[in-house]
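**Q** Okay, handing you the structure first.
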Amino acid sequence: MGLLGASASTTPERRAPDAAGAVEWRISDGLVPYPEALAAMEERVAAIRAEEAPELVWLLEHPPLYTAGTSARGQDLLAPRRFPVFDAGRGGQYTYHGPGQRVAYLMLDLQRRKPDLRRYIRQLEEWVIRALARFDVRGERRPDRIGIWVVKPGGQEAKIAAIGVRVRRWVTYHGVAINVDPDLEHFDGIVPCGISGFGVTSLADLGLTATMPELDAALMATFEEVFAPSQVA
148 MGLLGASAST TPERRAPDAA GAVEWRISDG LVPYPEALAA MEERVAAIRA
198 EEAPELVWLL EHPPLYTAGT SARGQDLLAP RRFPVFDAGR GGQYTYHGPG
248 QRVAYLMLDL QRRKPDLRRY IRQLEEWVIR ALARFDVRGE RRPDRIGIWV
298 VKPGGQEAKI AAIGVRVRRW VTYHGVAINV DPDLEHFDGI VPCGISGFGV
348 TSLADLGLTA TMPELDAALM ATFEEVFAPS QVA
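Per our numbering, the very first residue in the sequence shown carries number 148; after that it's consecutive.
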């Protein structure tokens, strides 16, 4: 699928209201096959570098699948035949994607913003934390664990959002995955992000009935707070 022209897409898409100035927002209404998403991101990154397209935030869901980052370890893929497994090319280890999980792919030009990868990852974290706060969910960082974590009743920590990025000539792609209401048993086929001993949770698991459009609205409302060029995370 090419994101330069909506007519090339095989997945229904909507253009969201322009909530962040020159940044384009797109929402795919169906399940986007992973290879299609990878090809579309590659195409858009090249177009941004050539100054032929604006930056893009793409909100979507995937069918059930596992992705392997550049640091993935074979022993962390516990059920290799359960779902398709794709080499993502991003940083990190194994991750699950599937229905009920909002994936946000960000194609941003850090050369125009600030060429600082650590700062960018910090901004991604802050963006998810602020969006979750709109549902009265306290998302937290952990210095030794990637992603966004919550403390469940009883004190158990669980991951609610995963982060994995790639940068090509200072244009980003891949991004974040926030669990709204996925089948949490699907995470049992991997050691998520190579981290054992902790669970995975979702907004639904926390007792919230938030919808995907409601989360999308929260992400759009908080984006400029974090990613405005003047902001320093």
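Heads up, the beta-carbon is just placed ideally off N, CA and C, and yes, glycines get one too. Fair warning: this is a prediction, and the values are worked out from it, not measured in the lab.
Quick test of your reading: I307 and E272, contact by CB under 8 Å. State the CB separation rounded to the nearest angstrom.
**A** Contact flag wrong, Cβ pair sits at about 12 Å.
**Q** Using a 10 Å radius around the Cβ and a threshold of 16 neighbouring Cβ atoms, would you call A184 buried or exposed?
**A** Classification for A184: buried.
**Q** Rounded C-beta distance between L362 and V327? I'm assuming under 8 Å.
**A** 6 Å
**Q** Short check: CB of V250 to CB of E202, under 7 Å?
**A** no
**Q** Determine, using beta carbons only, whether Y252 and V232 come nearer to each other than 7 Å.
**A** no
**Q** Assign E287 to one of three DSSP states: helix, strand, or coil.
**A** strand
**Q** Expressed to the nearest angstrom, what Euclidean distance is found between the alpha-carbon atoms of E332 and W205?
**A** 26 Å
**Q** Buried or exposed: which applies to D223, given that a residue is buried once 16 or more other Cβ atoms fall within 10 Å of its Cβ?
**A** Classified as buried, D223 has 16 or more neighbouring CB atoms from the shown chains inside 10 Å of its CB.
**Q** Would you tell me roughly how many angstroms separate the C-alpha atoms of L355 and V192, rounded to the nearest one?
**A** 35 Å
**Q** In angstroms with no decimal places, state the Cα-to-Cα distance between G168 and Q270.
**A** In this prediction, G168 scores a pLDDT of 48, lower than 50, which makes its location untrustworthy; the coordinate-derived value is nonetheless stated afterwards. Each residue's Cα considered, the two are about 18 Å apart.
**Q** Do you know offhand how far E198's Cα is from A186's?
**A** 18 Å
**Q** Does the distance from the C-beta atom of A219 to that of Y243 stay below 7 Å?
**A** no
**Q** Label L225 either buried or exposed according to how many other C-beta atoms from any shown protein chain fall within 10 Å of its C-beta, with 16 as the threshold for buried.
**A** exposed
**Q** So what's H244 in DSSP terms, helix, strand or just coil?
**A** strand
**Q** When we look at the beta-carbon of Q258 and count the other beta-carbons within 10 Å, is it buried (16 or more) or exposed?
**A** When all chains shown are included, Q258 counts as exposed.
**Q** Is it true that the CB of P211 sits closer than 7 Å to the CB of L178?
**A** no
**Q** Could you pull the start and end residues of the beta strand (DSSP E) that I195 belongs to?
**A** Not the beta strand (DSSP E): I195 falls in the alpha helix (DSSP H), residues 181–196.
**Q** Distance, Cα to Cα, R260 vs V373?
**A** 12 Å
**Q** Is DSSP giving R315 helix, strand or coil here?
**A** strand
**Q** Report the CB separation of P227 from P329 in whole angstroms; it is logged as a contact under 8 Å.
**A** Taking C-beta atoms under 8 Å as the contact rule, P227 and P329 fail to qualify, at a distance of about 20 Å.
**Q** In the DSSP output, which residue or residues are listed as bridge partners for R292?
**A** R289
**Q** Can you give me the C-alpha to C-alpha distance between R316 and T217, rounded to a whole angstrom?
**A** 18 Å
**Q** By DSSP's criteria, I325 is part of a beta bridge. Which residues make up the other side?
**A** Under DSSP, I325 shares a beta bridge with R249, A308.
**Q** Near A365, which residues of its chain fall below 6 Å by C-beta distance, leaving aside the five closest residues on each side in sequence?
**A** In its chain, beyond the 5 residues on either side, A278, R281 have a beta carbon closer than 6 Å to the beta carbon of A365.
**Q** Secondary structure at G168, three-state DSSP: helix, strand or coil?
**A** Only weak support is given to the placement of G168: the predicted model assigns it a pLDDT of 48, under 50, and the question is left unresolved by the model.
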